[in-house]
Amino acid sequence: MKKKEPVSTAKRTIDLDLYNQFLESDAGIITSHVFGEEGLKTIFIPSQQNEGVNQKLILQNTNVYIHRVLDAIEPSIAACEKDTRPGRLGIPQVRFDSTAQVGTLLMSGDRLRAQAQSNFSTVKANVCFYSGKWQYELHLESKGVMQLGWSMSLGEFSPESGVGDTVYSYSFDGNRVRKWNLVTSEYGEPWQVGDVIGCTIDLDVGNMHFYRNGRDLGEAFSFIPLGPGCVYYPAISLAFEEKLQANFGSTPFKYPISPYLPAQQPPTGAVLRAEKLFHWFQRITTANQSRPKEKTETQSSLKQSFAATVLLFSEVLMTHLVNLLGKVYVIEACLVPFLHKIANESPDNQGLPGGGRTLWRFNFFCDVLRLFLEPDDLKELIQALCKCLLQQFNQTPDSLDYPKQIAVLKVLSDICQNNYMRRILLKQQGFLKMSVPEFMDLKQMDTQALKHIVVRTWWGPMNKETLTAVDEEKRNSYLLCCWTITSKTLELQKQQESFLKLLLTESDGDTINEATSRLHFLHTFRLFLKDNHVSGLVSFLWNNQNIEPTPLPVALSYFYCLMNVLIELWKKEYMWETPHVSLTVFFDGSVDYFSLDRLGGVLSHLITTFRAPLAEELGENHRILTEPPPQPPTQPQGLQIQVTTGVDGGSGVASQLTRWFSVGPVQQQAEPPPTVEVVPRNISSLTSLMELLDGIILLYHLAAHKQLYKVSTLRDDMDKYIQTIDEAKARLKLAQDSCPEAAAEIETSIRAMERKVDEQARIGMAWVRGTVYTEERRNKLVWLLEAILETLKRASKKGDLFAFVPDFYLESMVEICTALRNYFSPTAPLEEINGINKILTQVAEFLVNLLADIRVVNLASKDTIIEALAGFVAKKVTMDCLEKMPVYSQDKFIRMLLKPYDNRPWGQTNWILMRMWQGCGFAFRYKKSPHLSRKLGPRTPSSESGLLIHQSFEPCPSEKFQWLIAKILYNDQEMAAEFLNSVLKQLNWSFSEFISMMQEIQNLSKRPERVIIDARQLKICATCFDFVISLLRVVEMICTICLPVFTDSSREGTENLLDRLSQLLSQILLRVTSPTGCFTHVISLEVPDLDSIDQFPVLSAVVGVIVALLAEDLKEPEKTVMSPAIKSLLYEPAFQLNTFKYVLGKTGKDDQENFSLANYPQAVSAEELDTVKKVVSLLTNQQTRMSEVSEVDEEELCPICCAMPLAVTFMPCHHRSCKSCITHHLMDCKNCFFCKTAINSVVSNDGKLLFDATASAHKVTDLHPL
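First residue of the sequence shown: 126, per my numbering; consecutive thereafter.
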């Protein structure tokens, strides 16, 4: 062996000098700072050819050193990919086993996300366990019925029995708060959307535990079977539409439970290596701090040289890191914490948007990714990163500080401050269409944590004047808790809005090469709206597509975030311009309205019809006029994205960064999310804000309003409980002395209901008060209402082009009025809004002007207008707004209401007239019919109905409109006759339909076998009854305020109208008061869906009409001359005085106590009862006088009615009848009663010609001499 020659002193000196030279170089500074002394020994090896510092050799040595360090880390990456842990059977990658599936489940491509599409769907995992301690997690995306747990190999399931329903399976259900193993018992606590449910099994001891967000719910099962043949599979069962995401260990557990092991072996080797590399990356971002001070302050060229050297070392690190970033586990376990760390270490001294921080380190790392990754790989990495961040964001918050959610939004904001990274995100449809809305969600915090915040509850009246000092203190304490929720959530909302503002940046593009971020956002936002519109259509038309609507709570939060950002941008950029959308946007083709209807009809028809005004507005050569209008697609373009976890992969970077960004449940592999390339457009900032406003209005219509209504039902349910508690307490006072046992049961029921209401007030209503129905959010809706109104007003001035306005503008305006009036109030009262009366008056005036606008062709829009006006008369504050309209608008409004009901929807119109009278009629001062408070026993909550006729409102009569109705009817005889004829016609139809359905129900109830009546039939029956009541009340109003339209013989048609009315009133009295009739029988059945049907509302309405008809006669009861009203009643064959006496509690036969208006003292005043008695006395006296008159020979009586004398003769057949019968007959038929000969004329007994068929202009409303 050759002896090694000693190194000379000169050589050592050179080496030492070279070493010092290396340490002073940029490479040496970086090496020393990043890798330390140990790294220097390996990295610094002088070149034999060149005695100077060789940077290329140093980089090569750095690469060798990193290899050596990473290879020394245990365990190896290969060892982790082979799961050989004892107690486990199956392949390394754990998934749901589609071959072990019962029912229909939609699964993602990685078979980790499942959504049930059948009654009860069950699936097991593809691995099992026989010993050891194991865990897996389930992230809930819904909160319905789900049974989650474990199943043995012998467990067999069906669509009716799932996990836990058999002896060989065990499960927990947080919806019903129970555990299941063939039998069930109470266990755990309720879960909510966003919860992470941990399922653990100890096969050494033989027990199972379940965890909710890391909190142990206690031992669920013990002494489970162990030993040979006993293996346990993770298993879940989901009810229809329930969905969740499983994590068996492919990503880090959110709440790992020691000493339980994940079902899938985590890539520990890859994680340890990635952590080391990220540690070096963090050091390299601060390498500049190790430079001598004199170097850091020298010329910029030296700084650029140092930065270049840093990038070279970063490239070496990225060479090793890129393969590790192909694993999702590494991204979530290492990359996300690294980004959090370098973002939080950035100094706060610059006041930049999106967090106000200088992000040198963060931007440096983004630049490294951009420089050393392929564009496609970088896109996939960013997608995977966003999914990891979204999973963190969607966890249920346990604090109002929202630490996880705010941290995620800060990282996203930091990423979006980098222009290149922001463009990558904006070009991905999945990010803007699905991820961004979820990042805007204001998630309800954990219910258990919320209970600690809302310590005291209050669910009594909010009016201070009616409270005691103790109650007021409780109320104030509760409202303070709600305010705390509001103030604490503002920080999260501010961070969300800062993130959105970055996405709406307008200064990063041009009109030729690259569209701005705002244009990218607007384009994809439109696609988002389109998908939500399509998903709301009939789903079975496109059952092969996977378009899921955005959850309503998410959509509402997204809506408010967009609103806040839009208002801020509008004030900043165009504060002098009133917020509105230009009419041009609706027809110039710049915005895609897909298949949405327009006020004037179909778009293609409008373009053809109004070509001239379009050409004047846009120019003859505009593409809208030269190209055929776009046709809506026959099927929506759904996305089907394959989801993988990147556990396997080849050696290349592209194969490592697998395409796994999920946008929804799928059944088969498909292409990755499409990249959107938006064509630059030369539009102003104002136009872009208008397009954003247009999209926000559509979002409100599609989803936000629905969620506001849904939340309002929580308060309505509480009100029902509170009302039931008050009624129960009233019954308790009556039962304490008479029936102690019943009193004890009532007390138990009261305590149970109070606990329920207390829970709703604490974890439900407190959150709603603090986050949904707040004053700030209410004011945002007012701003949007003004913007819509301004848009419609400006569009209406454009003539025929107004027809191009999308119908959702009108619907959104009406919906916002409804939300402010019914949903926010009384939590955030409408009356407290500054200037709301002026705004609503303008809305009402605009709607009234649209009633007869020929430009509105869409039938749904016409219905929307009348429904909106019906909503205005529902409450006093909005009724006052109608009364404040200009006089000409009021006159137009009433004339539209008084048009005949024939050939048009009349239910809402009649209800409007009824509301103008409610509070003035006979016993018509109630909000809800008093008979409902007299019914005892359990009640089934009625389903919500969109019809206002089914809802209860406080009376708010309008004397102003009553006077206007009377004036119009009195002065316009033709309108009065046509209107009243149509009202009586609809009254006859409604009561006939109602009675026929009541008879059918009576027949079904008498069958010996059990019969189930269709709920829809019951609803129709109740609706017909409500129509009868409202029509009777309108007739009562007209009889009271304008009686001559029925009794003035000088007016054409009054005798016919009075006779028809008397006939209808007599028929109603006869049917309702009959003790053996169908009405009495069905009422005695106490059918829950027919609670509104009772004798009181209909009889009080009939009595009100009769009292109004006889008002003049009651002033002169001794008058011998019979008035037209009395004559019409008493000569009506169907009228029986006993049926009218029925309302006073006496039948005509045996004076037995029966129904009586006197039983309702709160609804019927003593004065009204005295008036009824006077009417009975008046009719009795007049009937007595009639009987004293010599009887008419039967041969002289009308053969049709057998009551009135013969008065007219038909020509040419000479048959005879009374005047009333032939008048009614000629309205529908012109042939003789008896011989069917065509009637040419009708002549009275004194020879006057009453009807001539040859006079075509003659109207058969009443027979008057021609």
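Yeah, the Cβ is synthetic: ideal placement off N, Cα and C, and Gly gets one too.
It should be emphasised that the depicted structure is a prediction, and the values quoted were computed from it without experimental measurement.
Would you tell me roughly how many angstroms separate the C-alpha atoms of residue i and residue j, rounded to the nearest one?
i     : j     : result
A640  : V803  : 6 Å
S1083 : V981  : 29 Å
A1236 : D841  : 41 Å
G215  : V356  : 12 Å
A953  : K1000 : 15 Å
F373  : T703  : 55 Å
Q260  : P381  : 8 Å
P1249 : F1049 : 26 Å
L1210 : M1123 : 12 Å
I1120 : P1258 : 20 Å
V930  : I467  : 50 Å
S1281 : Q1287 : 13 Å
Q1192 : A1378 : 32 Å
G960  : K696  : 20 Å
D235  : R220  : 7 Å
C606  : N1096 : 60 Å
P1330 : C1323 : 5 Å
C1164 : L975  : 30 Å
V461  : C513  : 8 Å
What residues match up with residue i in a beta bridge as DSSP calls it?
i     : result
N1356 : A1363
T1348 : Paired residue(s): none; T1348 is not in a bridge.
Q226  : V248
N306  : V308
G726  : R723
T1334 : R1341, V1368
R213  : F254
D633  : For D633, which the question treats as bridged, DSSP gives no partner whatsoever.
Should residue i go down as buried or exposed, given a rule of 16 or more other Cβ atoms within 10 Å for buried?
i     : result
M271  : buried
L1061 : Bear in mind that the predicted position of L1061 carries a pLDDT of just 47, short of 50, making it too unreliable to give a figure here.
R880  : exposed
I637  : exposed
R736  : exposed
S720  : exposed
F1152 : buried
F348  : exposed
Helix, strand or coil for residue i? Go by DSSP, reduced to three states.
i    : result
L164 : According to the sequence as given, residue 164 is Gly; it is not Leu. If DSSP states are grouped into helix, strand and coil, G164 belongs with the helices.
P384 : coil
W275 : strand
I202 : helix
F378 : coil
H334 : strand
I154 : helix
Y358 : strand
Q180 : helix
K368 : strand
I964 : helix
G289 : coil
D298 : strand
P951 : coil
Comparing C-alpha positions only, which one of the options sits nearest to residue i?
i     : options                  : result
H658  : L677, L534, H645, S642   : L677
Y385  : L494, L342, E400, S256   : S256
T229  : C1346, C1164, F933, A364 : A364
K1373 : H192, V1333, L629, Q240  : V1333
H1340 : V1368, L464, Q185, T1309 : V1368
I964  : A985, V1002, E163        : V1002
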